[in-house]
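Worksheet: one structure, shown below.
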Amino acid sequence: MKYKEYKQLNYAHLADEILEFWKENQIFEKSMESREGKPTFTFFEGPPSANGTPGIHHVMARAVKDIFCRYKTLQGFQVKRKGGWDTHGLPVELQVEKELGITKEDIGKKISIAEYNEKCRQAVMKFKDQWDELTEKMGYWVDLEKPYITFNREYMESVWFLLKELHKKGLLYKGYTIQPYSPAAGTGLSSHELNQPGTYRDVKDTSITAQFKIKGTENDYFLAWTTTPWTLPANNSLGVGAGITYVKVKTFNPYTFLPINVILAKDRVSTYFNVKAKDLKIEDYKAGDKLIPFEIIEEVKGKDLAGLEYEQLMPYVSLPSPAFKVLIADFVTTEDGTGVVHLAKTFGADDFRVSEQHGVGAIMVKDEEGKDSPIVDKQGRFVKEITDFSGMYVKNYNGADESDPNYKSTDVLIAIKLKEENKAFKVEKYEHSYPHCWRTDKPVLYYPLDSWFIKTTAFKDRLVELNNTINWKPKSTGIGRFGNWLENLVDWNLSRSRYWGTPLPIWLSEDKKEEKCIGSLEELREEVQKSIDAGFMEEQLAEDFDLHRPYVDDIVLVSESGQKMYRELDLIDVWFDSGAMPYAQWHYPFENQEVFEENYPADFIAEGVDQTRGWFFTLHAIAGMLFDKVAFKNVIANGLVLDKNGNKMSKRLGNAVDPFSTLAKYGPDATRWYMIANANPWDNLKFNLDGVLEVQRRFFGTLQNTYSFFALYANLDHFTFSQEEIPMAERTESDRWIISKLNSLVEEATAAYEDYSPTRAARAIQDFVSDDLSNWYVRLNRKRFWKGEYNEDKQAAYQTLYTCLLTVAKLGAPIAPFYMDQLYKDLDGVSKQEGFESVHLATFPKADSNLIDVDLEERMQLAQDISSLVHSLRRKEKIKVRQPLSKILVPILSEKTKKQIQAVEDLILNEVNVKDIEYLDDTSGVLVKKIKPNFRKLGKEYGPKMKEIAAFINKMEQEDITLLEKEQKFAIQLTDTTIELSLDDVEISSEDIPGWLVANEGTLTVALDITISDTLRKEGIARELVNRIQNLRKDMGLDVQDKIQISIQQNEELVNAALNVNKDYICTETQAHSLELLSEVSGAQELDMDEFKLLVKIEQ
RNA sequence: GGGCCUGUAGCUCAGGUGGUUAGAGCGCUACACUGAUAAUGUAGAGGUCCGUGGUUCGAGUCCACGCAGGCCCA
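Counting in my numbering, the first sequence runs from 96 upward without gaps.
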């Protein structure tokens, strides 16, 4: 059995093969079955919606999920993970409407609700294939066979169960509030929908500062500012801040030039009046003057304005008293506007609240059914009572061409009218952030709507408490973003006036006094039976009865008092659907109680940080209110995936990275590894394909090279790890070192995974592979693999390298599941040591602390540092590594350091091509020492005196240092006191050796003897020659084992001598039978030996 | 306007509890190695640690106020 050797590795192709292997051998299934009976680790999948295509950010989000499920499996847990699909909601409806070319208006007219919902049902899985493909290709292990689907009857029944539980607890109630409403989509918008990215947009609206005439005055007005002039006909009150100071200003209307007195906040005067007009006299004003004089004639507190009555600004619809008065409103500021706020109870949440508090009614008209309704209809048009503007859209909902020079928005028309009537003080364009419907892009109105609410506020404190037990990554999202959200919790508006979704299971009697909430199909059937008995319904529900509209709408129930009961037509917020998944995915409590119990709550979930108030909240709220538990114990809120310049990816801008082509080109492993290693999941990731390439080269390339190196020689030597493991004590220093490093790595990686910090794990693994394993261990030990007998030392080398590679495969498997599986199988498939079919069925390595030798790691570091210093000295002197040198000197200040270096002496000498290492201690008397204060220690003790002490120490002479070392103490005189230094108050290092070439780093100093003796020179020449001949061999296309004969034409004496003395060496290295030095070589090549030329001929 | 995050080399990122020469990889430059070779090693250049104040003997690190970018919410 041989280790597989690869000519060229195609990572994407490798992944395809592994994927095939997983499928054929059902590795995913086995990874769960093999853990049967083991403790469970529960993961909840936040359901994506399959009516859009997946993007590269989904690869990121799902890699995070996958990593911990795989990791926990390796740790021996059974990890069931059910996939899921979010299928209800507005996006689906809008997509269907677009396809059919209809609007909400047409539903029930051009198309029946039943047909419409059938279309939605077909549309929701439109891109399911793409999603499944991505899931597979990226190696995300999740159960796609039996996913939960939110439109399934069983799922919906569980949702109804939960709603009924809430109803039982009295947590469901009907109210009326001002809500964001999209006339274009014909629907109210949830706060979640309003939170969609891109919803708030800077728009330029016509803003009006209107004049509200105070009753009983000649020409005194309140100035109130609004950015929504269309709400002015609905004005019912004005709001002022109790503590704000207001002034009455004598001035003129800039449009009509009529004299007026206006009231506004004192702080706002400067923005409404031009300072240049400050000194103008009121009397001097002439109509049409650009500068309008003004004069403050009175000052008054807001609370003294309260109760003042004013004339209705636009008297289309009357309103009985109390109305058209000044009210105290807590939210008024003087940051913008006039400090006087126009209130329209039907079109603003604050307006509603304040009006309600003061018992002020709303401007309403009667609709056809005689019901009170606002002056703007559901399509966004003024009702007929608003005569001048009847039928006009308050915002551009009819797609009017705004670039038409004759186009005038309704707001502008209102402004013109008010200007003409001397009721407008200032009209200007104002740029502000205003919410837009996230699908229709049209502005949202705040509008009064009936709604069912969940009284989440009743559980606020408990939800906060429970949240404090959740481990959030990052912490700030949990305590900051999510915590603050909980602190400011409002009741959850559950109602949606739509068609495709879970219907609210509430029936009301005709007089609206009796109410039933249905919690299961069985219960529904019982109620239907009662209704049949009462003669309201004709037959029982069909076996496969669909819980969607319109079928549920047709059910008429009977109340306790015998009245007919009709279903409330609302659907519920789709976020409730997804928040219900822990229960509904198992059809709890109707089925699978045990599975549910075992898998609740979740140990781990992960979604984008944008879900904080979405899925994270709905999961938390339902679990907290109904089960008094957290729904998840650990959660990663991952950041966004931006393009390489840090801009948001969008299909529109064309900077979106296609996940499929990325996976196809770079393979899933490099893509995943890059995403995880490059930035913490909770930070935004600037996705750069160059980075993926770099990971592929730097990490996977190095690892693969190391494996290839191992495989090449292990195959030649038939190493299959069949012999006993060689005890660590009998292995070389560098073997024990890399094993020590390996175990340190296992510790670090385990800790990182346990902490849900995959980035730390990935970085630790890649640092080990490239720095320790490849760049140091393999490089220094190459010869052991290809030289000499297959002896114990060689075996030790194979075993060591094998162990490192196999361990890396397991450590990296959660992040790079394909490649690491291949690596594992390539290794274990030959040795059969573990015998697992796949790395994902293996067990995660455990660190053996006995094998971690800190001292050894330290001295290897010394070896690396010393080598690096010698290299740097060679470079400075321009002496090639090929030229051997006689010795290096290392000043030693402690016996321990000396021992440490001695242990790695050979490694150093070999690495830097030097013959000997000599240690210099104090007795040599040549060391020049340098002393530095130990700031950390001295600072703690002497604080403010630090500067003086440091100055003193820096001035200490050699004899002072010697004295300190000898006596272990040294008294120094400061201006006002004397202190005694001990040895650990300073750092003493040897920095210089007079007469030597020296380099140092930290406290380490190395000197290099650069005298090149004849012998060294000759050896150098020999090595140069070997190098040239090897190149020639290569040029000639010779194989490694081909033998040659070398003839060289005699040269100057030193060169001849060099070749003669080192003849054996040269022959061995170049696989030469003979090396002849002749006076004349015919057909020779001229070799450039830098300092001389050599005529050489090589024959096979 | 509020909450949260980010800002360190050209790029991507590290830098417990404050301690005096601020690091790594990539890229760049130079050199080396040539039995891992479309690989590899070593060295070098490259920094206003976003800004301004403050606390401190000492601030990339702590505090305050800003600036820029992002996300979420009004």
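Just so it is clear, CB atoms sit at the ideal spot from N, CA and C, and this is done for glycine as well.
What you are looking at is a predicted structure, and each value in this text was computed from that prediction instead of being measured.
Assuming residue i contacts residue j under a Cβ cut-off of 8 Å, what Cβ separation, rounded to an integer in Å, is found between them?
i     : j     : result
M155  : V736  : 5 Å
D764  : Y106  : 6 Å
N945  : T135  : Wrong, their Cβ atoms sit about 32 Å apart, outside the cutoff.
K1032 : D1080 : 6 Å
K440  : N331  : 5 Å
H531  : T294  : 6 Å
W180  : P149  : Their Cβ separation, rounded to whole angstroms, is 13 Å, which puts W180 and P149 out of contact at 8 Å.
D362  : T304  : No, D362 and T304 are not in contact; Cβ-Cβ is about 15 Å, not under 8 Å.
Which partner residues does residue i have in the DSSP bridge list?
i     : result
T272  : L544
C1162 : For C1162, which the question treats as bridged, DSSP gives no partner whatsoever.
V653  : K659
Y350  : Paired residue(s): none; Y350 is not in a bridge.
S1085 : K1024
N1126 : N1126 pairs with nothing; no bridge assigned.
P940  : Paired residue(s): none; P940 is not in a bridge.
G703  : N733
R136  : Note that residue 136 is Phe in the sequence shown here, rather than Arg. According to DSSP, F136 bridges with nothing at all.
Y405  : I309
F477  : V471
N588  : F548
Y98   : The partner list for Y98 (beta bridge, DSSP) is empty, contrary to what the question assumes.
W180  : I244
A1066 : E1075
L780  : V736
A360  : Y341
G283  : Y276
P598  : L666
Q1180 : V1191
For residue i, name the three-state secondary structure that DSSP assigns.
i     : result
A732  : strand
H437  : strand
I1141 : strand
I1012 : strand
S277  : strand
Y316  : strand
E497  : coil
V342  : strand
L1133 : coil
P143  : coil
Q861  : helix
S126  : helix
S933  : coil
N120  : helix
P822  : coil
Is the segment 712-719 in contact with the segment 669-689, if contact means three or more CB pairs nearer than 8 Å?
Note that the segment 712-719 touches the segment 669-689; at least 3 beta-carbon pairs, one per stretch, sit closer than 8 Å.
Contiguous beta strand (DSSP E) assignments of at least 3 residues, all confined to the segment 185-256:
Complete beta strand (DSSP E) runs here, min 3: 238-244.
Taking contact to mean 3 or more Cβ pairs, one atom from each stretch, closer than 8 Å, check whether the segment 551-568 and the segment 626-633 are in contact.
No: fewer than three Cβ pairs fall under 8 Å.
Give a yes or no on contact between the segment 891-909 and the segment 725-742, applying the rule of three or more CB pairs nearer than 8 Å.
The answer is no - the segment 725-742 does not touch the segment 891-909, with fewer than three Cβ pairs under 8 Å.
Kindly confirm or deny that the segment 187-198 and the segment 209-221 touch, where touching means at least three C-beta pairs closer than 8 Å.
Result yes; three or more Cβ-Cβ pairs closer than 8 Å.
Would you call the segment 937-955 and the segment 841-853 in contact, with 3 or more CB pairs under 8 Å?
They touch, by the three-pair rule.
What beta strand (DSSP E) runs, 3 residues minimum, are completely inside the segment 505-554?
519-530 and 540-549, all fully within the segment 505-554.
Where in the segment 616-699 do unbroken runs of the beta strand (DSSP E), each at least 3 residues long, occur, reported from the N-terminal end onward?
Listed in chain order, they are 659-662.
Counting beta carbon pairs with one atom in the segment 996-1007 and one in the segment 1117-1132, are three or more of them shorter than 8 Å?
No, because fewer than three Cβ pairs between the segment 1117-1132 and the segment 996-1007 fall closer than 8 Å, the two stretches do not touch.
Below 8 Å, can you find three or more Cβ-Cβ pairs linking the segment 1142-1162 to the segment 1084-1092?
Taking one beta carbon from each stretch, the segment 1142-1162 and the segment 1084-1092 have fewer than 3 pairs nearer than 8 Å; the two do not touch.
Tell me whether the segment 498-507 and the segment 225-245 touch, counting them as touching only if at least three CB pairs, one residue from each stretch, are closer than 8 Å.
With the cut-off at 8 Å, the segment 498-507 and the segment 225-245 do not touch.
So, do the segment 966-976 and the segment 854-864 have three or more beta carbon pairs nearer to each other than 8 Å?
For the pair of segments examined, the segment 966-976 was found not to touch the segment 854-864: the number of CB pairs separated by less than 8 Å stays below three.
At least 3 beta-carbon pairs within less than 8 Å: the segment 912-928 vs the segment 819-832:
No, they do not touch.
Three or more C-beta pairs below 8 Å linking the segment 309-324 and the segment 344-363:
Yes, they touch.
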